[in-house]
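Working notes for the structure below.
Numbering (this note's numbering), first residue to last: 2 to 188.
Structure follows, in structure tokens:
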């Protein structure tokens, strides 16, 4: 690819060209591995950079969550939410449904941000924990398969950061999750 890029008559070389050309000669799986290595090498040359590698958004009808909670109660809570989340959510009964709904939306948005395929192992609902800082700002902790999928999105020498925004209004709750890859400046 680097040799082709040197040809003066070529004004544009994009990832689609690379994938098609390489797939014909070496197959799609090997092409993806090769492409990831090239990207990792390019990223390693830049120190301290930031890049969005995942973005997810979800909206949930709070009435739907209320119906599920009314029908299944603790069974629903224990399937979807961690013990820490349940403790936080159940502190204020007046906001119970809103907190159930916005955290449900956050977990959905996070899994969408991962962009995993049907072939990947699917993370458990409890592998993404949505909590609040002392100041009330939401944050996500990830465990197990969810953490592995985050790490798979970034180059080996990098770390990642999760950003989340939650919102609810009468009948709807929504969440946006961004997965950011952070280049380590000390390398």
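Just so you know, even glycine gets a beta-carbon here, dropped at the ideal spot from N, CA and C.
Here the structure is a predicted model, which is why all the values come from computation and not from measurement.
Use the C-beta contact count for residue i: other C-beta atoms within 10 angstroms, 16 or more gives buried, fewer gives exposed.
i: residue 213; result: Only positions 2 to 188 of the chain appear in this structure, which leaves residue 213 out of reach.
i: residue 102; result: buried
i: residue 182; result: buried
i: residue 82; result: buried
i: residue 188; result: No answer about residue 188 holds up, because its pLDDT of 40 lies below 50 and its placement is not dependable.
i: residue 165; result: buried
i: residue 80; result: exposed
i: residue 71; result: exposed
i: residue 57; result: buried
i: residue 155; result: buried
i: residue 106; result: buried
i: residue 74; result: exposed
i: residue 90; result: buried
i: residue 12; result: Reliability of the predicted coordinates at residue 12 is poor, the pLDDT of 49 falling under 50, and the value obtained from them is presented with this limitation in mind. Label assigned to residue 12: exposed.
Any idea which residues DSSP pairs residue i with across the strands?
i: residue 51; result: 183
i: residue 57; result: 178
i: residue 173; result: 62 and 170
Could you check whether residue j and residue i sit closer than 8 Å to each other, using their CB atoms as the reference points?
i: residue 141; j: residue 104; result: no
i: residue 168; j: residue 99; result: no
i: residue 109; j: residue 59; result: yes
i: residue 147; j: residue 128; result: yes
i: residue 163; j: residue 117; result: no
i: residue 161; j: residue 179; result: no
i: residue 145; j: residue 125; result: yes
i: residue 62; j: residue 172; result: yes
Using a Cβ-Cβ cut-off of 8 Å, state whether residue i counts as contacting chain C.
i: residue 85; result: Judged by its chain identifiers, the structure shown contains no chain C, having just a single protein chain.
With a cut-off of 8 Å, do at least 3 Cβ pairs link the segment 67 to 87 to the segment 27 to 34? Counting C-beta pairs with one atom in each stretch, the segment 67 to 87 and the segment 27 to 34 have fewer than three that are closer than 8 Å, which means they do not touch.
Are three or more beta carbon pairs between the segment 66 to 73 and the segment 110 to 117 nearer than 8 Å? Touching, no.
Which parts of the segment 139 to 166 are runs of the beta strand (DSSP E), unbroken and 3 residues or longer, counting only runs that do not cross its ends? Note on the segment 139 to 166: whole beta strand (DSSP E) runs with a minimum of 3 residues are 139 to 143, in chain order.
For a minimum of 3 consecutive residues, which ranges assigned as the beta strand (DSSP E) are wholly contained in the segment 79 to 140? Fully enclosed beta strand (DSSP E) runs of no fewer than 3 residues occupy 129 to 133 of the segment 79 to 140, in order along the chain.
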